[in-house]
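The sequence shown maps to residues 1 to 261 in full-length UniProt numbering. Even for Gly, the Cβ is constructed at its ideal location relative to N, Cα and C. The block underneath contains the structure these notes are about, expressed in structure tokens.
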Amino acid sequence: MGLFVCRVCCDNKTFDHEGLKGEGDMASEAVIGIIGAMDEEIERLLQAAQEVEEVKVTGMTFYRGNLAGQPVVICKSGVGKVNAAVTTQVLIDRFGAKQVLFTGVAGAIHPELNIGDIVISTYCMHHDMDVTALGFEPGVIPFQETSRFEADGALIQLAEQVCAELFPGRYLKGGVLSGDQFIASRDKVKALFETFPGSACTEMEGAAVAQVCHIHAIPFVIIRSMSDKADGSAHVNFAEFTVEAALHSYQIIERMVSQSA
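In structure tokens:
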């Protein structure tokens, strides 16, 4: 019986990705990877994209084409952090993504945010990473050089410029907190906002995308439109406002891509 031992780390390293690359990879182009967790979060992007080709990888469908004149790969990760991490890894390995944009909806935890408002990530953390029993702070991943994954400054600036044009006064830069749970509790919202300084919203994928991008030194930013306030009415608001919030996210991503040339 063979034994394979691997130490998982979060340091920036140089990796050989050839094992996952195949014929038709786009590593030579400045490909923009765009991820949404649900169909509603990518359907308008797919409608706007041109010369779209479907590529199946690890059971997932990736849509390779052009958006606003830029080469892109658009994909639905599915809900949750593992799905998001796998999708991001494939975007980097198979398609050579040079930057990653994650778009979609989230629950507001910053008191100034309302439904439909936009959050531009400054950093991402896993709010459900809890090793406090061993003396670590909430959200800290033990024995790694960082647990706070900073979004790319240039992408933040571009997103802020676009939001100022499209949604003046309705956007906020702040931390995106991720966990494999749908938050629908006012007390939980208060606890998250107090525990993670500078946090703005909570969702279920962003920190996983950010962590994979950090490992590979790939620029990223998370753009989230608020579908609910992550409180007792979150389940109702999410269903009612997801389409509107997803439209806002699409408008921002499309404008960012068009201005990224």
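Taking the CB atoms as reference points, tell me whether residue i and residue j lie closer together than 9 Å.
i           : j    : result
R44         : Y250 : yes
residue 339 : S121 : Residue 339 falls outside the range modelled here, since the chain spans only 1 to 261, and no answer is possible.
G116        : E203 : no
F102        : I222 : yes
E244        : L172 : no
In the DSSP assignment, what residue or residues form a beta bridge with residue i?
i    : result
I34  : I74 and L101
L177 : M125 and T202
L172 : V119
V57  : M60
A228 : At residue 228 the sequence reads Asp, which differs from the Ala that was named. G107, per the DSSP bridge assignment.
Leaving out the 5 sequence neighbours to the left and right, which residues in its chain are closer than 6 Å to residue i when beta-carbon positions are compared?
i    : result
S258 : A68
Q89  : V212
P71  : E29 and V31
A49  : G65 and L67
I141 : M129 and S147
Let me check understanding here. Comparing Cα to Cα, which of the options lies closest to residue i?
i    : options                   : result
L177 : S147, G153 and C163       : S147
T242 : H127, S225, I253 and M256 : S225
T61  : P219, C75 and E51         : C75
V100 : V31, G135 and Q161        : V31
V125 : I218, V209 and Y171       : Residue identity differs from the one stated: residue 125 is Met in this sequence, not Val. Among I218, V209 and Y171, the Cα nearest to that of M125 is on V209.
P219 : Q157, K190 and K229       : Q157
M256 : H127, A154 and N83        : A154
G107 : E145, C201 and F193       : C201
V162 : H216, S77, E254 and G135  : E254
E145 : H248, G36 and H214        : H214
V190 : I109, V82, A84 and E54    : This sequence places Lys at residue 190; Val is not what is there. Measuring from the Cα of K190, the nearest candidate turns out to be I109.
E150 : A133, A217 and M38        : A217
Short of 8 Å in beta carbon distance, which residues of its chain neighbour residue i, apart from the five on each side in sequence? Order them along the chain.
i    : result
L46  : V52, Y63 and I74
G198 : T122, Y123, G174 and G175
T58  : V86 and V90
Quick one: what's got a C-beta closer than 7 Å to residue i's C-beta in the same chain, skipping five residues either side?
i           : result
G206        : F102, S121, C124, V176, S178 and I222
residue 300 : Residue 300 cannot be examined here, being either before or after the span of the chain that is shown, 1 to 261.
Q. Is there contact here, the stretch 181–191 with the stretch 86–101, by at least three beta-carbon pairs under 8 Å?
A. At 8 Å Cβ cutoff, the stretches do not touch.
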